[in-house]
Every structure is written in C-alpha cells, then in structure tokens.
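Beneath this line is the structure, given in structure tokens, with notes to follow.
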Ligand SMILES: [Zn+2]
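Chains as they are written, first to last, in my numbering: chain A, 1 to 1000; chain B, 1 to 101.
Below, the structure is given as structure tokens:
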C-alpha cells in the first residue's frame, strides 16, 4: 500500500477509501478522489508516455484537460479507449490503464531511436522527404509514418457504450466553477433566472480546491465552495453539471456540453449512458473558464518530473501528493512562489526558487527566507539532466548584456515551472469574438462580445481572489438582467489572499548551451521545438497560420492552449515583427477531444438513418426477396426462386411479365394531390404538357423541367375531377417536387387557388402488368368497368378493391397491359397478399426493381436521374412531343429557347446494340467515333442504361450521344480496357415498337 | 444552430425546421416569353452573394410550410428582420446602419 509520495495528511482524497488499479500491468494503490495522474504521482511514477515524434520519455505536466503528455488507454467493457488524459481520469477500484506510443515497453522503446536522429526530423520534414514517387505515398510512407508516430491505438471492436443526448434552455449558462464562476452563478440564480452551471472537473470549485493561502469570509475557500454548491443545489432554478465540458460555442448562443456520466464509476448502472450531449440554448452565457499556466521554454524542458508550478501545488493541496522530494521551482512571476512555500510546509525540500526577475517582490523573498529556501534571482534554467526522470537542472545567470553565465547545477527530482498565465479564451473565440492584446497583462483577452456572453475572472486576465469574486458577481448580475430583466440583492463575500497571476515571460529563454545541440520544446504533444519555429520562419513562413501548419505547433489536442503564446513570441522574434502583427490562430470546437459516440448519440446501427418499408416488405422477406436501398427505402430488387442468381431470376421475371402477368410494389413513387379551382392552370404552368383539356378520368405523362429548361422529374398525372389531380413523381423526387410546387405557388403565383398535399405515405400501390393483368385484378375490383373501351390505356377511375376504396390507374411502365391500384396504406399488405396469391393462378410472378428497369428499358422509357443528369432537355431526350408548344408559359419554357439549348450537336438519347449480342456495356462507359481513339480524344457520349433483354434475347443499352438521333444505323465504339466494343446506334424502343401490346 | 422566427407561425424555432431558399426578391419575369436573353440569364443564375446584410428566402419546411423572407447578416449570422412573402423588400442600407454596420 506504500505510496511514497503521498503526504501525511491533507488533500481532498478519501484516505479511508483505498483503491487498487493497474498501469501497464503493474498493480498500484491510490485513494478515492484521486485522478489517475495524482495516483501515479503518489506512487512516484512520472514517466507515463512517449512523445509523438521523437518517442522521448514524457511525464505528467499539468493537472487539467490541457495535459499534453499523459495520454493513456483505459480498459473498460472489454476494450480500451485511447488518448484519455490521465489528469482527467478519475480513479476507481480496478481501473486498468496502459501507456501509449511505445514498443516493446514504456521503459525501453525502440522508437526512441528517432530522438537520437532528431536532426533528421526538422520542421516540414514530411513535406521535404516524402515527396515522390507519388505511388509510395499510401503504400510505403504513410504506413511507416503512422507506425512510428502517433498516439494510442484505436479500439478493435464497435463501441460497447451507449450515449444520451438532450436539449436544454436556460437564462444563464455559467461555464466554470472557480471563484468567478461560482459568484456569477450565485448572482444570477438569486434573481430567479434559470441557471446551468457546468465544470469539466469532477468537483466544483476550480482553483479554490487547492488554495491554501486564502480565506473567504474567514473560511477555508474549499468550505465556501461546499456551502455555495449546497445553496445552489437547493434552488429549483439551478442545474449543476459537474464532469461537464462546454466544448462548443455555436451561433445564436447554442452551446454543446459533454457530460461524462458513468466513466468514473467502477460499476455503473448499465441503463445510464457513458456520456450525455447537452445542446443548450442559453439566453446569456458567463464564461468563467479560468487561465492556464505557461510552460517555460528552456532546453530539455520536457523531462519527466517537470511540471507546471500550479499543477505541483494542486497535486499537493488537493490530492495530497508531493511531486518530488527535492523540488526546484523556476518562475518568472509571483504565483509559483506559493507552490514552493506550500511544498516546504509539507516537508518537501525546495532546493531553490530560480526567478528570472532581478528583484522579486520583497514580501515573497521574506517568506522564502523564513522557510530557509534558497532564492536565485535573475536566474534561468538552461538545461536538465536525467533520462526517464529529471536528476538535476542547470542554472544560468542573466547578465545585463543579455548573455547568460553559468550558474551551476542543482540536484532535484522534480522541477516546477511557471512562465505566467494565459487566459482561456477558447469559448470566447469560438463565439466568433476577436481577442485583443492587453500589453499590461501580457496576454490576449476577450474583446467585444459578438454574442450574448461575457468573460469573467481569469479567463479575461483578471487575477486575485477578491477581484475575481467581485467580477463574477457583476457578470452574473449583468447576465441575469439581460436575460430576464431582474436583479437581486445578494450577500457578497470578502476574501483575503489568493494568488495573483500577473507577469511572466514568453518565448524561448536565453541560455549558454550550444544552440545546435539542445532542444527546448514549445508544443509537447506534437514535439515542436523553438528551433522548429525559427526554421519555419527562415524557410519563408510569414504568418502564424503557415508556421502552425508547417511545424504543427498548436495543432495538438489542446489547440495550442499551452504553446501558442510561446510560439508566437518565438515567431515574432524571428520575423522581427511585434507579436501582435504575427497574428493569432483561431480556437475552434471542440474545446477538448470529444468522443464520436457523443456526437452519434443513438444514431447508430438501425437508428443511423430512418428506414422506409413498403407494404410488401414482410411478404418479400418471407418469400426470399433480395433488397436494395433506394434512398431511405428498402425495395425488393428481385425474387429468386430455387436458388436462382440475379440473372436467372430477372430473366424469368421479365419473361413472365410479357407472357402472362407480374406484380410489382410501386408504393415508393411520389404522390401529390393537387386540388382547387385553379389546379389545372397550376399544372399547366408547372409541367411541359397541356392539362386544361385533359378529361376527368384520364391520365397523361407529365414532364417537369426547371426554369433553365432541363428535365428534373416525370410521372403520370391522373385527373379525378375538374378540380382534383393525382400526381405521381419519381421515388427520389417525391419531396423535392412538392417543395418546388409550393415554391412557385406561394411565391410566383399566389393568386392561384390550389392546395398541394403529399400523399406518398398515404397510398400503397400495386402494379399488375402483363397480358393477364385484367384477369388478375377483376375478381377484386368493384365499381369500375375494366373493359378496354370503358377503361382505356391512360385512364383512372375510383372504385373498391376487396371492398376498400381504391384509385385504379390503367398505366404501364412495361409496355404491357397494366394497372396500378392505389389503396390506403393500411390496406397495402392485404392488397399485396391478395394479388400475390391470385397471380399464381395465372402463372404470374412478383418482380422487383431490376426487372422493372429492364422492362422499361426494352420500351425506351427514361428514368430521370439515370438516363438524365440535370443537363438534358426534352428535345435531347427525344420527348419534344411532351411539350405544349402553344402554352403561354410553363416552368422551363423560356429556358428551352436559350441558344445553347437549341444548338446543334447536343447529346441526344439513343439506343445502342452491341455487334456481339452477348456483350453487355458498362453503364457510364464513354462512346467514341474512332475504334481506338488517341489519348485525349473527347467522348461523343456515354452509356446511361445497359441490360440483358430477355424479350430480345440479347443485350440492349441506352445512351446520350452527341447529335445521336441523326446517327441511326451508324457504328460507334465503346473503348474498354480489354478492347474497343463496336455498337450500332438505334432508336430507343427495342420491343413492340408499334405499342400494340399496351392497348388490349 | 440558428434561431429563426416564422412570421406566419409567430414563433422562433431552430434552424432544423427551415430550409434556406437563396436570395429573396428575384422576381420571375411575368411574361417569360418576352424576357430578353440577358434578363432571363440574370433571373436564372445571377445572385449578389452579399457579404453582409442580405435578404433571403426561407421556408418553414418542418412547420407551417410557408415561404417567407429574412434579412440576415451573412458575416455574423444575425437575423435583423423577418417578413412575409409578398411584402416589399426593406431598405437594407437602413437596416445595416441601424445594426451599426
Ligand atoms: Zn411557420
């Protein structure tokens, strides 16, 4: 149970709740309240990972979500989740964790050879080295790079967890629960405003949980936190969300929160999700995201054992963990001194405080002196020793000349550094606000608000406990007033002490070492050094956006929260331009890495996309139908019998339709009811064809263009009464045709008295096609005379099918005698099963979409979207007959008169027959005049449809060919890898050219 | 996700209920047959693609189904005005001035 670096007492861990966990298989001990990082440190383990590029040993550096090094894999539910920050992983009994990016082990890593070869891997290395040959990119270079560089390994199995998602509205959302966030939440909540307070940490309180030197109303700050959270929790208008990261700030104050619900539990209720996505619409937002400490950029600043000073202090005060036994503190500002004092007070030997400033504040000097801590003023760290853990640090004395003189070596097993503080402006930046440089604070701070938000406390560069509390109260009051117009009087607290975060340093620090031999890291996670940034500038990168992409600095998961300011300063020096002119990269969503599961929510597997099923679906499943996806629809592709393959099944289906009868589910076709006194006038204007003279009870094929003159949809339209039409559309066009009709009706012709209703979902449609079609439906239809005279081709009547109301169309998409019966959707299954049984008596068959395609192609009927591509006019398609030339106007009429649309040599719709009747063309294949055209020759056209035709016992194809209708009988070629295929240009109707079969 | 006000329903709803229909106030010539080639091309294809204050058509697709118009700042995504189809185009410059642009 030994935890050699655990303090005797203190901290917020539960010392009565010991926990066992493993790291790379080794069993270790910690306490409830630990993070994995604090528990590892309590066991003296700093080395937790290998770096991304050089495989350098790396240790825990921070205590928050900005952690660049301590990325681990956690086993859970039989698989591991990679790249979790050990600083955020809460310890639980039995937690299993592994280190990443090392082979064979963390201690001995083969990839570390990269480190010794580091001169070979400068900035832009990949761009310079892996340029050619191109074919090597995906086969050779990328696998090598991917194997050598990297983070954790992806999980092997599908995500076992489930995820929740919910929407919420609030008056005031407060992000962050440090002093300013808590004060803001209190002030807003007291007005009665609906408040959500979220914090990415397990416990509310932020820095107050590790503040030893301050008091609030005479109390320990942590006690004030407990009281405040209890008070807020008791209010009905407040929602408290710990373990919840506000990761995205979007337009109109829409903020996404990721709540980690069960990941911290050893045994979670399986009904609960792993994470929950909150999509919050907040009237007002208070950003109290705090600030993070900056690393110092000195040579070898990345050894395990080197931490940010405030992290060292937090591990001590909050988790009861000493980061070392002999600690050196290196700083450029006041706040790190408090870390040294707290460590000394816990019996840790503070070997020295090295402050870059020539004259640190006297009060701090006095406290250090009282504790017997050696202070080196005007002193900087110039290097460190030790491989897997820091052993000693080199000190350098800053001379007035700007040079550095050697200041000797100090032994230490940990180094705490502080280059000052950087306000966390990520959410403000995401809200599209522009940060401004504040020279006094030495930081970029939020500028003008673009959305309804305000930053408070350290996230706007304000430090000191009393000041941040006051600012928080003010922010909360302002937000509530803006949201609900109310204010409330609240009892405000008074604080003493608390760190001040002003001052600090930026950029690479001076040293007396051989500059070509040492590396000072700027971006730890991406292994970018100060030299890399300078090299990028030497090689011509002028803007920070280019430097960022060339070196990858700031492109790691912390988006440069730790590194940006140092990188900017280094670039500014190299460019000899003020830092404010170097630019600043934009922070984007998400604030911290976010799981795909959270975004997907329940939209996975069957719930990924809605599935639409037709009335025949169950019957088709039971009868061995093979399905294809058509948009969201599941349609039966073909119905194989006795082990048929698709070719045999389709051949049989097509022959049966032509010989006797076939049954097809046409329910997916779009259906629109167009009614009203001006319905005929409306259709007259929408479709190319004339409608006013169409008699009730009759149908007509309708062609729909856009105003440019191109075909966009088609379908049969039946007139049921003077003022009522039943319009059908393609399956894919169902929704868009309704939308376009509404568009014209509402915005161009609002004077027309017409109602448009989509009825696609309301009708089930069975197509009965073939010479015996009439015999099949006759027993079930009542109220309609089915004789050819009473119900000729292209007519529609209302009657009943098995006693339920139906609309019976006599239409055909096969060239055979055909009927399409529309009944209410709930009777669709009954209709299908009735007809499926009946066709058997006539040696008929059910058929699917493949046979439907073949049968229509034999007749040369186009399919919009397959034979047309949005640039085909009615003339191109050989359908000039569908145009009502005498009409005053229709959508597309004026477009058709444009010069390009009436020009010669437009692609035209033709049939193609291969010289060899067995050869089937590829759909999409190009068509040329020459048998073996020279490379670069433009094609004359392309194949749009190609099938084996059972009726002709040979292959057939449809195509768009330049000026094709004039090429009838000519030979063209379809060049393919195996040789050129000669084809003859024909008409588009291959079967029953006279159309006799349809009129029986 | 944007919040959009439907002037027919009289309510503000999230963007997912709406579809943008492109630039507003592009009238289809009343007698297309008399439209010159230039006028027709202008109607079909030419859009101002404003960076700043623009009038757009929106449809409350998953609501009342009505088309209406909205003035939006395409830079900030802020909506400045909503009005029914058929109402005259507001003075965009005045709106821009009022919004401090
Ligand atoms: Zn509406």
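For each residue, glycine too, the CB sits at the ideal point set by N, CA and C.
These numbers come from a predicted model, not from an experiment.
N-terminal and C-terminal residue of the alpha helix (DSSP H) that residue i is part of
i: residue 38(B); result: 37-45
i: residue 593(A); result: No alpha helix (DSSP H) contains residue 593(A), which DSSP labels as neither H nor E.
i: residue 853(A); result: 849-858
i: residue 646(A); result: 646-659
i: residue 1003(A); result: Summary: the structure shown does not reach residue 1003(A), with chain A confined to residues 1 through 1000, and so no result is reported for it.
i: residue 363(A); result: 362-370
i: residue 691(A); result: Premise fails: residue 691(A) is in no alpha helix (DSSP H) and is neither H nor E.
i: residue 221(A); result: 221-233
i: residue 532(A); result: 530-538
i: residue 428(A); result: 426-430
Minimum Cβ-Cβ distance from residue i to chain B less than 9 Å
i: residue 313(A); result: no
i: residue 645(A); result: no
i: residue 895(A); result: yes
i: residue 759(A); result: no
i: residue 281(A); result: yes
i: residue 750(A); result: yes
i: residue 907(A); result: no
i: residue 874(A); result: no
i: residue 679(A); result: no
i: residue 742(A); result: yes
i: residue 432(A); result: yes
i: residue 500(A); result: no
i: residue 610(A); result: no
i: residue 254(A); result: yes
i: residue 737(A); result: no
i: residue 600(A); result: no
i: residue 707(A); result: yes
i: residue 899(A); result: yes
i: residue 800(A); result: no
i: residue 682(A); result: no
Those residues which DSSP pairs with residue i across a bridge
i: residue 799(A); result: 806(A)
i: residue 75(A); result: 80(A), 96(A)
i: residue 183(A); result: Answer by DSSP bridge pairing: none, since residue 183(A) is not bridged.
i: residue 307(A); result: 416(A)
i: residue 330(A); result: 354(A), 417(A)
i: residue 613(A); result: 634(A)
i: residue 978(A); result: For residue 978(A), which the question treats as bridged, DSSP gives no partner whatsoever.
i: residue 198(A); result: 175(A), 241(A)
i: residue 379(A); result: 397(A)
Three-state secondary structure assigned by DSSP to residue i
i: residue 572(A); result: helix
i: residue 771(A); result: coil
i: residue 867(A); result: coil
i: residue 466(A); result: helix
i: residue 3(A); result: coil
Segment limits, beta strand (DSSP E) that includes residue i
i: residue 108(A); result: It is not in any beta strand (DSSP E) - residue 108(A) carries neither H nor E in the DSSP assignment.
i: residue 905(A); result: Unbroken run through residue 905(A): none, as it is neither H nor E.
i: residue 14(B); result: 11-14
i: residue 53(B); result: 53-59
i: residue 94(B); result: Not the beta strand (DSSP E): residue 94(B) falls in the alpha helix (DSSP H), residues 92-98.
i: residue 755(A); result: 755-758
Residue-chain proximity (residue i, chain A), Cβ-Cβ < 9 Å
i: residue 18(B); result: no
i: residue 50(B); result: no
i: residue 58(B); result: no
i: residue 1(B); result: yes
i: residue 38(B); result: no
i: residue 33(B); result: yes
i: residue 29(B); result: yes
i: residue 7(B); result: no
Can you give me, in chain order, the residues of the stretch 63-95 of chain B that have a beta carbon less than 7 Å from any beta carbon in chain A?
-> 65, 66, 67, 76, 77, 85, 86
Taking Cβ-Cβ distances below 7 Å as the criterion, which residues of the stretch 556-579 of chain A are in contact with chain B?
-> none
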